[in-house]
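Using the numbering used here, the first residue of the sequence shown is number 1, and each one after it goes up by one.
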Amino acid sequence: MSGQVVMNTNTYSRRSFLRAAGITLALPALESLRPNARAAAAGPVRRLVACCTTLGIHAENLFPKQVGREFELTPYLEPLQEIRGDFTVFSGVSHPEVDGGHSSEASFLSAAPHPGASSFRNTISLDQFILEKLPPATRFGCLALNTGNGGTGLSVSRSGVKVPTDYRPSEVFKKLFVNGTAKEVAQQTERLRDG
């Protein structure tokens, strides 16, 4: 048979096609064909968003006066009206031994003491601790983002090493939405540049 091309010359009537399609629809659903079924059964994905505002905030505009789910939205929280039942605002959190002015942001999620000291050694940050305890239910367990020009981030590994950050919106977009082989990614990226 080598070198020969075998062509299927059978033709199928509309009725045959519909009958076969009906049999296919009657088959039990295969779990492998429904990869999100388990995820849907597990409930909504929980996420942690931590924002360090190095220049501070006006506390009265962020923290609600009431506790519980029926709190009145503050000016900073008003844009989140649609998801108000899906997030929690923590107040009263204190890191008494985190000192040193601007260097204290290094301990924002770890509470490691005296970040300005020459002997400072950071510890695991809250986001990385949660990542260790709860396996990620999303493609990326952690997105460490930064607004600076490659500056430092908030996430720290168990060994005290800073987790690299993404600070370019175009790179974050590519990471989240552009898939495929290296060649396909390059082509999609070029199309995005072209608009």
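A virtual CB, placed ideally from N, CA and C, is assigned to each residue, including glycine. A quick note: this is a predicted structure, and the numbers were derived from the prediction, not measured.
Looking only at C-alpha atoms, which of K162, V163, T189 and R158 sits nearest to F173?
T189
Go ahead and pull the three-state DSSP assignment for K65.
Here K65 carries a coil assignment [DSSP, helix/strand/coil].
With distances taken Cα to Cα, identify the nearest neighbour of N146 among R168, F108, S94 and A137.
It is R168 whose Cα lies nearest to the Cα of N146.
Where do the ends of the alpha helix (DSSP H) carrying K183 lie?
Bounds of the alpha helix (DSSP H) holding K183 are A182 to D194.
If you reduce the DSSP assignment to three classes, tell me which class D127 lands in.
helix
Helix, strand or coil: how does DSSP classify V156 here?
In the three-state reduction of the DSSP assignment, V156 falls in the strand class.
Is the distance from the Cβ of V156 to the Cβ of N122 below 8 Å?
yes
Does DSSP put L77 in a helix, in a strand, or in coil?
coil
Check whether the Cβ atoms of I130 and S110 lie closer than 8 Å to each other.
no
Beta carbon of L62 nearer than 8 Å to that of T74:
yes
Buried or exposed (CB count within 10 angstroms, at least 16 for buried), G153
buried
Suppose you measure from the CA of R46 to the CA of R191; what does that come to, to the nearest Å?
33 Å
What is the C-beta distance between H95 and S103, in whole angstroms, given that I count them as a contact (C-beta under 8 Å)?
In fact, because the Cβ distance is near 13 Å, the residues do not count as touching under 8 Å.
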